[in-house]
Amino acid sequence: MDLDENADQEVIRKALFDHEDIIGLIDSITENGGLFPGENIIVLNKDTNYIVLEGNRRVCAIQCMINPNLAPIKYRDEIKNLIRDFNINKLNNLEVDVAPSWEAAQKIITSRHTEYQIKKWSYISKWRRDYKEFLKTGNTHQVSQIFGEDENQVIKNLHNYAFIIYILNMPIWTEIERNKLSSNDLKASLLEREMPKDVENVLGITFDPKNHSLLTSMDREKFNYVLTKL
């Protein structure tokens, strides 16, 4: 999900419900009688608030279990049915880990989503995270240090997300098509990570060495036509 950094809670919850299977998580919480032990939420103390760095899906699910009216309208009845026999009081107090800084939390968050049994990020979620951090730092080495990744992998992730940005900015899509293309679960098999080099060469694809945006030496109208068909 690529949300505006100033998006309000209602917009964030709707996006999580639409794209991150919050209903499935609520069902899992009720089936297991609560959250699994050891799945502490990671937060950062900022001014007088605690910002959730890891566990937004769980926080969203718990908020809407406690108060289903916080959920988008179309999900409320289903939530009420799921929690009918569940003791909501179990969710009133949750343990959290308070990170000393945003940077300090990133390596453990990365490990959780690659080595542990928390929901793994989709490829696109991973690419987007590296891209957003690159926009802040402008430095792929710094991104690699923050996230504990190989710098070459960071660069590949930026190139892959450059495809996503380019494709989403094409003005031809219907609202339904654009919604599908915006999904975190999009099977991005046509992008740079799997695209044969000879196809890249035919399409004249390169990437800007400074900002890693997608470039092509092909006529732009023809290039867009090919991407549309792909």
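Note that the numbering used here has the sequence shown beginning at 427, numbered continuously upward. Every residue gets a Cβ at the ideal spot worked out from N, C-alpha and C, and that includes glycine.
query: Segment limits, beta strand (DSSP E) that includes I590; result: Per DSSP, I590 belongs to no beta strand (DSSP E); it is in the alpha helix (DSSP H), 577-594.
query: Per-residue burial, Y542 [other beta carbons within 10 Å of its own, 16 or more giving buried]; result: For Y542, the pLDDT reaches just 49, beneath the cut-off of 50, and the residue's location in the model is therefore unreliable, although a value from the coordinates is still provided. Label assigned to Y542: exposed.
query: Minimum C-alpha distance to K552 - residue among N565, L496, I535, P494; result: I535
query: Which of helix, strand or coil DSSP assigns to A441; result: helix
query: I477 - containing beta strand (DSSP E), residue span; result: 475-480
query: Selection from E436, I590, D576, D611 that minimises the alpha carbon distance to I499; result: E436
query: Same chain, Cβ closer than 6 Å to D444, five either side skipped, listed in chain order; result: none
query: T632, enclosing beta strand (DSSP E) - first and last residue; result: 631-633
query: Residues of its chain near W599, where Cβ-Cβ distance is below 7 Å and the 5 sequence neighbours each way are ignored; result: L607
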